[in-house]
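**Student:**
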Amino acid sequence: MGAAAGRGDIWVIGDLQGCSAPLAQLLDHPEIAGDATARYWFAGDLVNRGPDSLAALRRVKSLGDRAVAVLGNHDLHLLAVAAGIRPAGKSDTLDDVLAAPDAAELIDWLRHRPLAHYEGHHLLVHAGVLPCWDVPQTLALAAEVEQALRGPDWRARLEKMYGNRPVQWKDDYHGGKRMRVIINALTRMRMCDAQGHMELSHKGPPTSEAGLVPWFDVPNRAIAAQDTVVFGHWSALGLLLRPDVICLDTGCVWGGKLSALRLRDRRLVQVSCTQYRKPASD
Numbered sequence: 001m002g003a004a005a006g007r008g009d010i011w012v013i014g015d016l017q018g019c020s021a022p023l024a025q026l027l028d029h030p031e032i033a034g035d036a037t038a039r040y041w042f043a044g045d046l047v048n049r050g051p052d053s054l055a056a057l058r059r060v061k062s063l064g065d066r067a068v069a070v071l072g073n074h075d076l077h078l079l080a081v082a083a084g085i086r087p088a089g090k091s092d093t094l095d096d097v098l099a100a101p102d103a104a105e106l107i108d109w110l111r112h113r114p115l116a117h118y119e120g121h122h123l124l125v126h127a128g129v130l131p132c133w134d135v136p137q138t139l140a141l142a143a144e145v146e147q148a149l150r151g152p153d154w155r156a157r158l159e160k161m162y163g164n165r166p167v168q169w170k171d172d173y174h175g176g177k178r179m180r181v182i183i184n185a186l187t188r189m190r191m192c193d194a195q196g197h198m199e200l201s202h203k204g205p206p207t208s209e210a211g212l213v214p215w216f217d218v219p220n221r222a223i224a225a226q227d228t229v230v231f232g233h234w235s236a237l238g239l240l241l242r243p244d245v246i247c248l249d250t251g252c253v254w255g256g257k258l259s260a261l262r263l264r265d266r267r268l269v270q271v272s273c274t275q276y277r278k279p280a281s282d
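Residue 1 is where the sequence shown starts when you use UniProt numbering, and the numbers rise one by one after that.
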C-alpha cells in the first residue's frame, strides 16, 4: 500500500459496468492524459449491463500497476458465472468476456483484484464499510476473501458467498457466513438500520423509511475522522463529496456520466454517457 508513494496523481473512477467508450474518452481528457505518471483507482463493477464489458476489462487490465480496481458485485457475478456457480441473468452483458480467446486470463486477473485498498487516508471499496469496522479491520477482512478467491479452490469458496444473511457482523463468524457478511458489506450494502444492520434489498435513493439510513450515516462509525471512504455502487445516490465519504457512481450505464476525481484537490472530470440511457437499475 505504501509502495506507490511519490508517484503521480491518483484519479478515482466510478462504476464502468462495461462502458468502454466513455472510459477511453475520460482517459483521453487533457487533465488526465497529460500526466504520464497518473494512477487510477476503479471503484468496482468494471463489467456488466453496459455494451462492451470485454473492452472495459481489457483496458483496465492493460493499465498494469498504474491501476487499482476493487471488486464489485457485478465483477463477482462474472466470476460466479465463469465458474458455473450461477446462471447468467437476462440483463447480463458478459457473453463477450466468456467467449473471448483470453477469457481464462481475464478471469484469473479479475479474481486477483482486491476488495479494499487504502492509501493516503483514503479507503477504496465498491459499496461500503460496516459501521463497526475501522480501516485495519476492513483491510484484514477483505484480505480473507481475497485469499479465498486467489486459491485453487476459489470456485467452491465463491459458491458460499450468496445470500442476504447474516445482516450484522460478529467476530466469531466463520466459513460461508463470515464470507457473506464481508462480501455483502463491501460490494452490496447501501442502507442500514440505526444498529448498523444491513438492509440489502434497498436499491433506490437514500430514505429514512423504516428507520433506515445510508451506511455512512450510522452513528458512531469506527473509521477515524482523518480517513475518507471512496466508493461507487449507488447510482441512485450519485455524486457525493464529503470529508468522510466520496461516492462516484454517477450512472454511466444508465445514461448519466462517468466520473473521475483527483484525490489531492478533488478536481472532478466527467464525460456524458447519454448514449446508454436506460431505466435505472442496480
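Every residue gets a Cβ at the ideal spot worked out from N, C-alpha and C, and that includes glycine.
Does DSSP classify residue 303 as helix, strand or coil?
**Tutor:** The chain is shown only over 1 to 282; residue 303 falls outside these bounds and no answer can be derived.
**Student:** Are the beta-carbon atoms belonging to Asn73 and Arg188 less than 9 Å from one another?
**Tutor:** For Asn73 and Arg188, yes; Cβs fall inside 9 Å.
**Student:** Using a 10 Å radius around the Cβ and a threshold of 16 neighbouring Cβ atoms, would you call Asn220 buried or exposed?
**Tutor:** Exposed, because fewer than 16 other Cβ atoms sit within 10 Å of the Cβ of Asn220.
**Student:** Leu139: which of Ile183, Glu159, Gln168 sits nearest, CA to CA?
**Tutor:** Of the candidates Ile183, Glu159, Gln168, the one whose C-alpha sits nearest the C-alpha of Leu139 is Ile183.
**Student:** Can you check whether the CB of Arg157 is closer than 9 Å to the CB of Met179?
**Tutor:** Yes. Within cutoff.
**Student:** Leaving out five residues before and five after Gly163 in sequence, what residues of the same chain have Cβ atoms less than 7 Å from its Cβ?
**Tutor:** Within the same chain, Gly163 has close Cβ partners Arg180.
**Student:** How would you write the range of the beta strand (DSSP E) that Ser272 sits in, first residue to last?
**Tutor:** Where Ser272 is concerned, the enclosing beta strand (DSSP E) stretches over 267-272.
**Student:** CA-CA distance, Trp169 and Leu123?
**Tutor:** Roughly 19 Å separates the two Cα atoms.
**Student:** Measure the C-alpha to C-alpha separation of Lys203 and Ser235 and round it to an integer number of angstroms.
**Tutor:** C-alpha separation (whole angstroms): 9 Å.
**Student:** According to DSSP, what are the bridge partners of Gly251?
**Tutor:** DSSP, once it has assigned bridges, lists Lys257 as partnering Gly251.
**Student:** Are the beta-carbon atoms belonging to Ala88 and Pro114 less than 9 Å from one another?
**Tutor:** No.
**Student:** Do you know how far the Cα of Arg266 is from the Cα of Asp35?
**Tutor:** In a straight line, the C-alpha of Asp35 is about 16 Å away from that of Arg266.
**Student:** Would you kindly work out how many angstroms separate the C-alpha atoms of Ile10 and Arg262, rounded to a whole number?
**Tutor:** Approximately 6 Å, taken between the alpha carbons.
**Student:** Between Val60 and Leu46, what straight-line distance do the alpha-carbon atoms span, to the nearest angstrom?
**Tutor:** C-alpha separation (whole angstroms): 8 Å.
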